[in-house]
Amino acid sequence: MDDKQFVKEIANIDENFAGWYTDVVTKTELVDYGPVKGTMVIRPYGYAIWENIQKELDARFKAAGSQNAYFPLLIPMSYFTKEAEHVEGFAPEVAVVTHAGGAKLEEPLAIRPTSETIIGTMYAKWIQSYRDLPVIMNQWCNVMRWEKTTRPFLRTSEFLWQEGHTVHATEEEAMEETLKMLNVYKEFAENVLAIPVLTGRKTEKEKFAGALATFGMEAMMKDGKSLQAGTSHYMGQNFAKSFEIKYLDKDGTLKYGYTTSWGVSTRLIGAIIMAHGDERGLVLPPKVAPIQVIIIPVAAHKGGVNEKADEIENLLKEQGFKVKTDKRDMTPGRKFNEWEMKGVPVRIEIGPRDIENGVAMVCRRDTFEKTTVKLTELCETVKTLLDEIQNNMLSKAKIARDSHIVEADSLDGILKGVDGQNFVKAGWCGCRECEDKIKEYAQATARIIDSDAKEGEVCAVCGKPAKHKVIFARAY
RNA sequence: CGGGGUAUGGCGCAGUUGGUAGCGCGCUUGUCUGGGGGGCAAGAGGCCGUGAGUUCAAGUCUCGCUACUCCGACCA
14 MDDKQFVKEI
24 ANIDENFAGW
34 YTDVVTKTEL
44 VDYGPVKGTM
54 VIRPYGYAIW
64 ENIQKELDAR
74 FKAAGSQNAY
84 FPLLIPMSYF
94 TKEAEHVEGF
104 APEVAVVTHA
114 GGAKLEEPLA
124 IRPTSETIIG
134 TMYAKWIQSY
144 RDLPVIMNQW
154 CNVMRWEKTT
164 RPFLRTSEFL
174 WQEGHTVHAT
184 EEEAMEETLK
194 MLNVYKEFAE
204 NVLAIPVLTG
214 RKTEKEKFAG
224 ALATFGMEAM
234 MKDGKSLQAG
244 TSHYMGQNFA
254 KSFEIKYLDK
264 DGTLKYGYTT
274 SWGVSTRLIG
284 AIIMAHGDER
294 GLVLPPKVAP
304 IQVIIIPVAA
314 HKGGVNEKAD
324 EIENLLKEQG
334 FKVKTDKRDM
344 TPGRKFNEWE
354 MKGVPVRIEI
364 GPRDIENGVA
374 MVCRRDTFEK
384 TTVKLTELCE
394 TVKTLLDEIQ
404 NNMLSKAKIA
414 RDSHIVEADS
424 LDGILKGVDG
434 QNFVKAGWCG
444 CRECEDKIKE
454 YAQATARIID
464 SDAKEGEVCA
474 VCGKPAKHKV
484 IFARAY
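Using this note's numbering, the first residue of the first sequence is number 14, and each one after it goes up by one.
So, in structure tokens, the structure goes:
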């Protein structure tokens, strides 16, 4: 399918959202498929988005007292068996190296699916005293999980992420850290990615293998499905006990630490695509867009057009904007469409007529609004426009999401809700059976525990008194 | 792991009752164009996934294999 056909076929993105997503991802040159099933090659345009995400997150982590470090890719299999729930949860999806150096290895090596085990082992060596706490480290790396079905960015065998791992002296402090990082993610998602998220505790069924509590942030995609966009786990002393992370406290007794971990991945790029994309392709929030302003010279064969475009480019670059001038020998219309598909927030068209009048055409990606701007006011306009687009994208997404949250008090109500592409808030008694019934009946899972139930509220499944109000949704 | 589908040029596809492959896009060259996916002209590019079988003859029919994909189950 060529691009022209593509645009036609995605005219109604809700019709086949998954297909729309896959096409956008490949056609905008974000990724290519790797030779190994389920792996993706992140191309420069896609990777640049990731770099922007990294930069913004890293600043936040450091402000929260975290330091970056790096731990090995290969983890001895025996490390995994130390924490029973953890190994049970991850064993099915761990890829294992059995041979190296031309011989079979004595002990198989796991390719990290997550690094709690190896980091825990190292922390145990490093931590002696309460004076060593807290330990707050983060690593940017790749991990591998052999999933059965994969989709670029959303679920790939190998993906890039950051994983923060912390150790604290007390339960309170560790829980505080868990929630603090969850809020860092929330603030980041909303202010940088322009994606509103719901945060809250996960149910037992949905929590991380080995954690005492998992908190997550869930974002609503354009088709009403939910995407888990980040998680923060409170491990209690589970891992500390398995890996002997102990410290000598002020009172002279040896105590186990309390650990947490938190992570977000390249899945966030998928979230951006599915939360903001429209029938013409990607729409990137200015704060993560690899190119914020694309300049398109029109009738460039005429004298002075390319020179003017260069002049504008340099002017904007001096102001710190990410700018590119597209001088390829193609018709302008074609370039318009291409850069729209790639989600560039602002487009500037400059041709002989404009130069004569001392103006340029400026078009914004989020609303397609096109205005004539005096060249002398261009920098100002672009600056305001980028801010406006960033804000508009968030408020648009918020309105879209809030209008798709409904309440239900029965299984049928939940089914009807998710069929209508909604998040459904419902009472839940807290038992696994009812949760499973909802999954079976409505293909919806508990995304987060929204709040404690009030007096008189009942479980939507069994009718017994509800423990919590939970957000149910179909999920990616 | 269960059920369905697909495999033909870089991409998307067509190929009739068997007769040695065609279309659109892209690509190359030239030219006119250029403010929303341009026009004209000339080109390049294919062991039809793979192994066997039926036949004078297989992209086409039969069987096996492999890969990919969709829907379930499983999961960030």
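C-beta: ideal position from N, C-alpha, C; glycine also.
Here the structure is a predicted model, which is why all the values come from computation and not from measurement.
Provide the residue(s) that pair with N251 in DSSP beta bridges, ordered along the chain. N251 pairs with nothing; no bridge assigned.
Express the C-alpha separation of F228 and N172 in angstroms, rounding to a whole number. Checking the sequence shown, residue 172 turns out to be Phe, not Asn. If you take the alpha carbons of F172 and F228, they lie about 21 Å apart.
Rounded separation between Y489 and K161 - CA only: 14 Å
Identify the residues that DSSP records as bridge partners of C154: which are they? W174
Quick one: what's got a C-beta closer than 7 Å to L399's C-beta in the same chain, skipping five residues either side? P299, Q305, P358 and V359
Please say whether L424 and Y454 have beta carbons closer to each other than 8 Å? yes
In whole angstroms, what is the alpha-carbon distance linking H417 and E448? 21 Å
Proximity to Y92 [Cα-Cα], best of T169, G51 and M135: M135
Endpoints, beta strand (DSSP E) assigned at V110: A108 to A113
State whether the stretch 129 to 146 contacts the stretch 251 to 266, with contact taken as three or more CB pairs (one from each stretch) at a distance under 8 Å. yes
Considering only residues of the stretch 289 to 356, which uninterrupted beta strand (DSSP E) runs meet the minimum length of 3 residues and lie entirely inside it, listed in chain order? 306 to 310 and 336 to 338
At least three beta-carbon pairs within less than 8 Å, the stretch 307 to 323 to the stretch 243 to 256: no
First and last residue of the uninterrupted alpha helix (DSSP H) at S464: Segment T458 to D465 is the beta strand (DSSP E) holding S464; no alpha helix (DSSP H) there.
The stretch 433 to 442 contacting the stretch 181 to 195, beta-carbon criterion three pairs below 8 Å: no
How should T191 be labelled, buried or exposed, when 16 other C-beta atoms within 10 angstroms of its C-beta is the threshold for buried? buried
Going by DSSP, what residues sit across from G229 in a beta bridge? G213 and T244
Buried or exposed by the 16-neighbour rule on C-beta atoms within 10 Å, applied to V110: exposed
Does the stretch 199 to 213 come close enough to the stretch 286 to 299 to have 3 or more Cβ pairs within less than 8 Å? yes
H181 by DSSP, collapsed to three states: which one? strand
Checking 8 Å against the spacing of the C-beta atoms, do G133 and N151 come in under that value? no
Where does M374 sit, in a helix, a strand or coil, going by DSSP? strand
Beta-carbon contacts of S464 that lie in its chain and below 6 Å, excluding the five residues immediately before and after: K482
I'd like to know if the stretch 329 to 341 and the stretch 383 to 397 are in contact, where contact means that at least 3 CB-CB pairs between them fall below 8 Å. yes
When the distance is taken between beta carbons, is W275 closer than 8 Å to S245? yes
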